[in-house]
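Engineer:
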């Protein structure tokens, strides 16, 4: 084994500052970054300390990528689609309209070549990005008025995350990119007509149900939002190997942890919201189909203009086409039968 | 920080022997145990070495729990339902008929109180059990003849994992508990009429399609099989804190890793199997319903006889009833719409 002095040298004290894109009030999504920090601490005997700051404390929520690139902060915890304005390719590190669910994006990232291909994208930006948390399929958001047809989207000022805004713009939506903590006041004042965030538990905390009654699903633009832990590449490269391994494990740990937490806290939150008067509505099929076709148009246009976007999009598309038929077999029939039995039992109980 | 001698003491060399219940030929499920070992090694700078032995190398596949309890081995990697013959309560550390899917069991274990309640069960057996891998929803297995009605199950000698055997026995099945590596010869010789293992990728390796043409789904008894890493409690308690943390993270890592791997390798394997002539069949609704009712009967009977089983079953049931309605909303409508669009596109392409 290593001699003692070598070991001491191998475990220096390191302190990093982490800029989160999420408000501290959200123990789920902000908590994912804190979970990374907690596990890194445990895995390095307290030597590698990451302090996570809430959105806006060090840099604005939507400036996290720039801050990590430039080294203003050592690291960040974010949703990569916040930066599609810089380059739409960011979306593939997060989620995209009619893309993957939680299982599918993890399979693509970890065993479908996703992380390798994204490394090429992040390298010139001086960022090392690791998957670190996931929300699962999200809700479609809170609307002041009902959406019955695709025409009802026209002129709608809608706070919506990432690349989905570009899709919805094709249908006449005026998309707004607003950080989590700033959405409620905009919706309350009527600056926007509708807003989506994540799902029942977070949305309830942010209070959207108090100012917009219609709660639509699904969030077809976020079938399984992968959260990302960004490290500044020079700082990352300077870490001892053990700390790099600790960070990798901590991030994977955050993915299981965050998904499990969302899946435990969302069901009772949805029940509470509906009990308090939220009007739960599926997007009508014609609305879903119009959005689906608009998304495919946008993918084609963006691919024509951006070769790396095209390469990664085609890569995800091939994986998705090969993968969906399997998910329809055992996974979907197991779930569907359980839903059916539960409905029948509820009907019998009246 | 710690002085160098304290650190050297804090990172002693430790070697453990791990008995897997799975054959080495299965890089997915046996690989989950190896992944734990690999991550532990990386997280302890090579100091904590776990060597994973294939089923039967140290102890028989179905003797892993006893071996860990008695300290014959330091640790094991297994599916807890192999031991339902000792106590049916083991099933809640693995999967059970019409139970949870992958997301739901993780939510219950990590944020629904599952791991706490299971600790009480394992403690008297001298076992520390950690979730370490998952298969997702499994297939229903390979049958020599078609299953058209519940009556077709009568007299069927079926290799089936865990508690599901007791359910199927109510419908006249003669269940067989046979370790993975021994199934093929039994099916080939006609000692059994049908066999289920996991899903397309593993099943193809084990060669079942060569001797039984009908491939049924879903495996309603395994909606998301949680694999377990068992540590002998005295050996676990003697580990330095850092190594305990490394083991915990490595096991969680194995859950993401194994699920991602299955989800990447199963789709092409299913395509190959169908291409080679496998007859894919859903279990008919009346068969599913008969099994569902038989399962509920068995839960009631077992609960009446076994207070801890009852306590844990009721706990899972309450969590399931509260959770399913949420999964039907965003998650299920997102997936279903994507399946529908894919079907329409395939039809258009002809």
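Residue numbers (this note's numbering), protein chains in the order written: chain Y, 7 to 356; chain F, 7 to 356. C-beta: ideal position from N, C-alpha, C; glycine also. Computed from a prediction, not measured in an experiment: that's the story for all the values here.
1) If you measure from the beta carbon of residue 262 of chain Y to each beta carbon in chain F, is any gap under 9 Å?
2) Per DSSP, what are the beta-bridge partners of residue 288 of chain Y in this structure?
3) Rounded to the nearest angstrom, what separates residue 9 of chain F and residue 240 of chain F at their Cα positions?
4) Residues bridged to residue 134 of chain F by DSSP?
5) Quick check: what's the CA-CA separation for residue 323 of chain Y versus residue 95 of chain Y?
6) Within 9 Å of any Cβ in chain Y, is that where the Cβ of residue 42 of chain F sits?
7) Just curious, the beta strand (DSSP E) that residue 84 of chain Y is in, first and last residue?
8) Going by the CB atoms, is the gap between residue 139 of chain Y and residue 4 of chain Y shorter than 9 Å?
9) Hey, would you say residue 165 of chain Y sits closer than 9 Å to residue 193 of chain Y, going by beta carbons?
10) Taking only beta-carbon positions, decide if residue 21 of chain F is within less than 9 Å of chain Y.
11) Going by other Cβ atoms of all chains shown within 10 Å of its Cβ, with 16 needed for buried, is residue 199 of chain F buried or exposed?
12) From residue 160 of chain F to residue 299 of chain F, what does the alpha carbon distance come to, in whole angstroms?
13) Give a yes or no on whether 9 Å exceeds the smallest Cβ distance from residue 83 of chain F to chain Y.
14) Is DSSP giving residue 278 of chain Y helix, strand or coil here?
15) Count the C-beta pairs between the stretch 36–45 of chain F and the stretch 253–261 of chain F that are closer than 8 Å, then say yes if the count reaches three, no if not.
16) Please classify residue 157 of chain F: is it buried, with 16 or more other beta-carbons within 10 angstroms of its beta-carbon, or exposed?
17) Would you check if the distance between the CB atom of residue 215 of chain F and the CB atom of residue 304 of chain F is smaller than 9 Å?
18) Can you list the residues of chain F that residue 252 of chain Y reaches, using a CB-CB cut of under 7 Å?
19) Helix, strand or coil for residue 119 of chain Y? Go by DSSP, reduced to three states.
20) Near residue 56 of chain F, which residues of its chain fall below 6 Å by C-beta distance, leaving aside the five closest residues on each side in sequence?
21) Could you tell me if residue 29 of chain F is buried or exposed, where buried requires 16 or more neighbouring beta carbons within 10 angstroms of its beta carbon?
22) For the stretch 113–142 of chain F, enumerate the residues whose C-beta is nearer than 7 Å to any C-beta of chain Y, in chain order.
23) From the DSSP output, read off the bridge partner residues of residue 58 of chain Y.
24) Hey, out of Y/66, Y/306, Y/325, whose CA is closest to residue 185 of chain Y's CA?
25) Hey, how far is the Cα of residue 223 of chain Y from the Cα of residue 209 of chain Y?
26) At 4 residues or longer, what runs of the alpha helix (DSSP H) sit wholly inside the stretch 145–184 of chain F?
27) Measure from the C-beta of residue 90 of chain Y to each C-beta in chain F and report whether the shortest distance is under 9 Å.
28) Tell me, please, which residues DSSP counts as bridged to residue 201 of chain F.
29) What does the alpha-carbon distance come out to for the pair residue 121 of chain Y and residue 129 of chain Y?
30) Roughly how many angstroms separate the alpha carbons of residue 119 of chain F and residue 109 of chain F, rounded to a whole number?
31) I need the boundaries of the alpha helix (DSSP H) containing residue 190 of chain F, first residue and last residue.
32) Anything in chain Y within Cβ reach of residue 183 of chain F, meaning under 9 Å, just list it in chain order.
33) By the 10 Å Cβ neighbour count, where 16 or more other Cβ atoms means buried, how is residue 247 of chain Y classified, buried or exposed?
34) Who does residue 302 of chain F pair with in a DSSP beta bridge?
35) Report yes if the C-beta distance between residue 270 of chain F and residue 116 of chain Y is below 9 Å; otherwise report no.
36) To the nearest angstrom, how far is the alpha carbon of residue 189 of chain F from that of residue 171 of chain F?
Structural biologist: Checking against the coordinates, here is how it stands:
1) Chain F, which has a Cβ nearer than 9 Å to the Cβ of residue 262 of chain Y, makes this yes.
2) In the DSSP output, where bridge partners are listed per residue, residue 288 of chain Y has Y/223.
3) Residue confidence for residue 9 of chain F is low, a pLDDT of 45 falling below 50, so the modelled location carries little weight and cannot support an answer.
4) Looking at the DSSP assignment, residue 134 of chain F forms a beta bridge with F/237.
5) Residue 323 of chain Y and residue 95 of chain Y have their C-alpha atoms spaced approximately 14 Å apart.
6) Not closer than 9 Å to any Cβ of chain Y, the Cβ of residue 42 of chain F fails to qualify, so no.
7) Run containing residue 84 of chain Y: 81–84, per the beta strand (DSSP E) assignment.
8) This structure cannot speak to residue 4 of chain Y, because chain Y is shown only from 7 to 356.
9) Result yes, Cβ atoms of residue 165 of chain Y and residue 193 of chain Y sit closer than 9 Å.
10) Contact with chain Y is absent for residue 21 of chain F, since none of that chain's Cβ atoms lies less than 9 Å from the residue's Cβ.
11) Residue 199 of chain F comes out buried.
12) Near 16 Å, if we compare the C-alpha coordinates of residue 299 of chain F and residue 160 of chain F.
13) Not closer than 9 Å to any Cβ of chain Y, the Cβ of residue 83 of chain F fails to qualify, so no.
14) Of the three classes helix, strand and coil, the one that applies to residue 278 of chain Y here is helix, per DSSP.
15) Contact between the stretch 36–45 of chain F and the stretch 253–261 of chain F is present: three or more C-beta pairs spanning the two stretches fall below 8 Å.
16) Residue 157 of chain F comes out exposed.
17) No Cβ-Cβ contact shorter than 9 Å links residue 215 of chain F with residue 304 of chain F.
18) Neighbourhood of residue 252 of chain Y in chain F, by CB distance below 7 Å: 49, in chain order.
19) Here residue 119 of chain Y sits in coil by DSSP.
20) The residues are 22, 24, 43, 46.
21) Residue burial is scored here from C-beta neighbours: residue 29 of chain F has at least 16 other C-beta atoms within 10 angstroms and is therefore classed as buried.
22) If the cut-off is 7 Å between Cβ atoms, the stretch 113–142 of chain F has 113, 116, 117, 118, 142 near chain Y.
23) Residue 58 of chain Y is bridged to Y/24.
24) Residue Y/66 is the option with its Cα nearest to residue 185 of chain Y.
25) Spanning the two alpha carbons is a distance of roughly 13 Å.
26) Considered as a whole, the stretch 145–184 of chain F harbours 170–175 as its complete alpha helix (DSSP H) runs of no fewer than 4 residues, in chain order.
27) For residue 90 of chain Y, the answer is no, since every Cβ of chain F falls outside 9 Å of its Cβ.
28) Paired residues: F/148, F/165.
29) Distance between the alpha carbons of residue 121 of chain Y and residue 129 of chain Y is about 12 Å.
30) If you take the alpha carbons of residue 119 of chain F and residue 109 of chain F, they lie about 15 Å apart.
31) Unbroken alpha helix (DSSP H) run through residue 190 of chain F: 189–195.
32) Neighbours of residue 183 of chain F on chain Y: none; closest Cβ ~21 Å, over 9 Å.
33) Exposed: under 16 other Cβ atoms inside 10 Å.
34) According to DSSP, which records beta bridges pairwise, residue 302 of chain F is partnered with nothing at all.
35) Yes, the Cβ-Cβ distance between residue 270 of chain F and residue 116 of chain Y is below 9 Å.
36) For residue 189 of chain F and residue 171 of chain F, the gap between their C-alpha atoms comes out near 15 Å.
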